[in-house]
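Asker:
Put into structure tokens, the structure is as follows:
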């Protein structure tokens, strides 16, 4: 593969772009996971606060 690429300077650039695209897709997925974890954490905290409130008022 590398022997073929040496004759075409644009080939490395295209490969580089493809690698960058894969990396950015991976980053987007990681961000989604992080946002979801934050959301879950927030929900757990809200639920915990509600339970605590209900125990305090009764």
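Residue numbers (my numbering): 143 to 200.
All residues carry an ideal CB built from backbone N, CA and C; glycine is no exception.
Only a predicted model underlies this, so the values are computations on that prediction, with no experimental measurement involved.
By how many angstroms is the C-alpha of residue 183 removed from the C-alpha of residue 192?
Answerer: Answer to the nearest angstrom: the Cα atoms are 14 angstroms apart.
Asker: Against chain B, does residue 183 count as a neighbour if the rule is that its beta carbon must be under 8 angstroms from one of theirs?
Answerer: In the displayed structure, chain B is absent; only one protein chain is listed.
Asker: Given this structure, state the Cα-to-Cα distance separating residue 177 from residue 171, to the nearest angstrom.
Answerer: Answer to the nearest angstrom: the Cα atoms are 10 angstroms apart.
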